[in-house]
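Everything on this sheet refers to the single structure shown next.
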Amino acid sequence: MILLVTTNPGLEDLASKEFEEKIGEKVRYEVVAGGRFIVELSKNSNIEDLASKIFSLKTVHRVSLVLSEANVSADKNSLKTIYDTTKNSEPHIYLNHHTTFAIRSERIGVHQYTSLDVAKVAGQAVIDATLEKYGFKPIVNLEYPTVIFDSTVVHGKYFFSLRLSGEESLHKRKYRIYDHPAALKPTLAYSMLMIANLNPEEVVVDPMCGGGTIAIEAALNFNVKEVFCIDISPKHLHGAIINAISAGAYRKIRFILGDVRKLSEIVSTQADLIITNPPYGIRLFRREKLKDLYHGFLSSALKILSSKGRVVVITSEHSLLKEVATELGYSILLERECMHGNLKVKIMMFKPM
8 MILLVTTNPG
18 LEDLASKEFE
28 EKIGEKVRYE
38 VVAGGRFIVE
48 LSKNSNIEDL
58 ASKIFSLKTV
68 HRVSLVLSEA
78 NVSADKNSLK
88 TIYDTTKNSE
98 PHIYLNHHTT
108 FAIRSERIGV
118 HQYTSLDVAK
128 VAGQAVIDAT
138 LEKYGFKPIV
148 NLEYPTVIFD
158 STVVHGKYFF
168 SLRLSGEESL
178 HKRKYRIYDH
188 PAALKPTLAY
198 SMLMIANLNP
208 EEVVVDPMCG
218 GGTIAIEAAL
228 NFNVKEVFCI
238 DISPKHLHGA
248 IINAISAGAY
258 RKIRFILGDV
268 RKLSEIVSTQ
278 ADLIITNPPY
288 GIRLFRREKL
298 KDLYHGFLSS
308 ALKILSSKGR
318 VVVITSEHSL
328 LKEVATELGY
338 SILLERECMH
348 GNLKVKIMMF
358 KPM
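The number in the working numbering is simply the position in the sequence shown, starting from 1, with 7 added.
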């Protein structure tokens, strides 16, 4: 059984690791493009059990069961290959008189055809296969389909898949009512917490919490002792509280209105993990202010970190952050490049020397 999975580009291995933990078996994975990888499960895997476990995954966006695949080229003749591959995958077995379907197409690379061309050809193949086998034409419903098929061209490869994770991306947590203007995807927040290698009963602090995504993901999914959610903005802190209430995590988090440069004055205990998504300078902050902010933040963090304490930060201004951290005597434990939307960023982990 082969699955096509999407996640944040650069974090495919973490998503694969979570797959193993949640699905309960060793998997083989291969990255086919940034943020897209295939997972090979054992032949004995049960599709019904798998489908129910998919919705517990916190690092992935979409999961589809690969029905067929083929090599394709850049020229338009490959549309015939796409048609044949789709039709021969027996898509009709997932349809009946009462179901509707839609094709969701994606194309990565340079080709003489578009994703719309791929969708049109794949859709026709599904219709023709159903007509031949069942004698009726399946109904297309692009807005609210019962069944979703993914037709994906990645450079020289075509995948035709059955969507298992539903229409909406799994990164869209239902708890998010308040949207911070520079919100972090929950899948990124969860991945950062995985990178931090949280241990049971540790204290977690997000000193620039915004809408509270990191704090909420920590409180809901990790067996931590205490979570602090701190922000200097009353508006954002109120938004974080609303989101935490929506998530059912409010009683697990301490919300504090405060300045990241004065952590020792507002956090009453030692922190094992300080983890945050600070202003980058591109969206919200003037760049000349960033060094002062980073210096104040990391200086303040030194005063509350425990003996095993570490700092995890996601930022596009990683060179500046690294410079400040080195000046203050931190050692760099990890640097990992990934994408935050269309922005290339790094997740960095430090600890005091």
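C-beta atoms are modelled at their ideal positions from N, C-alpha and C, and glycine is treated no differently.
- Distance from the CA of ALA222 to the CA of ASP213, rounded to the nearest whole angstrom, comes to 6 Å.
- By the Cβ-count criterion, ASN78 is exposed, with fewer than 16 other Cβ atoms from all chains shown falling within 10 Å of its own Cβ.
- Remark: C-beta atoms of PHE167 and SER75 approach each other more closely than 8 Å.
- Boundaries of the alpha helix (DSSP H) harbouring LEU227: 220-228, taken from the DSSP string.
- Taking 8 Å as the cut-off, the beta carbon of LEU138 is found no closer than this to the beta carbon of SER71.
- When DSSP states are grouped into helix, strand and coil, PRO359 belongs to the strand group.
- Between ILE248 and VAL267, the C-beta gap is not smaller than 8 Å, which leaves the two residues out of contact.
- By the neighbour-count definition (other C-beta atoms within 10 Å, threshold 16), ARG69 is a buried residue.
- Taking a 10 Å sphere around the C-beta of VAL147, we find fewer than 16 other C-beta atoms and assign the residue as exposed.
- Beta-bridge partners of ALA278 (DSSP): LEU312.
- Take the alpha-carbon of SER23 and the one of GLU47: they are about 10 Å apart.
- Beyond the five residues adjoining it in sequence on each side, ILE273 comes within less than 6 Å, by CB distance, of ILE263, GLY265 in the same chain, given in chain order.
- ARG317 and LYS298 have their C-alpha atoms spaced approximately 20 Å apart.
- Judged by their CB atoms, HIS187 and GLY217 are nearer to each other than the 8 Å cut-off.
- Excluding five sequence positions before and after VAL73, the CB atoms of its chain that fall closer than 8 Å to its own CB belong to ILE9, LEU10, LEU11, ILE45, PHE166, PHE167, SER168, given in chain order.
- SER198 places its beta carbon 8 Å or farther from that of THR322.
- Separation of the CB atoms of SER158 and ALA126 is rounded to 6 Å, and the pair is thereby assigned contact status at 8 Å.
- The three-state secondary structure of LEU102, taken from DSSP, is coil.
- A residue is called buried when at least 16 other Cβ atoms come within 10 angstroms of its Cβ; ASP82 does not meet this threshold and is exposed.
- Taking 8 Å as the cut-off, the beta carbon of PHE304 is found closer than this to the beta carbon of PRO285.
- Of the residues assessed, TYR182 falls on the buried side of the cut-off, its CB having 16 or more other CB atoms within 10 angstroms.
- Rounded to whole angstroms, ASP20 and THR106 show a C-alpha spacing of 36 Å.
- The residue from THR153, ILE30, ASN230 with its alpha-carbon nearest to that of GLU209 is ASN230.
- Along the stretch 61-136, the alpha helix (DSSP H) occurs as fully enclosed runs of 4 or more residues at 85-95, listed in sequence order.
- In the assembly as shown, THR333 is an exposed residue. Its beta-carbon has fewer than 16 other beta-carbons within 10 Å.
- When DSSP assignments are scanned along the stretch 238-285, the uninterrupted stretches of beta strand (DSSP E) that are 3 or more residues long and fall wholly within it turn out to be 260-264, 278-283.
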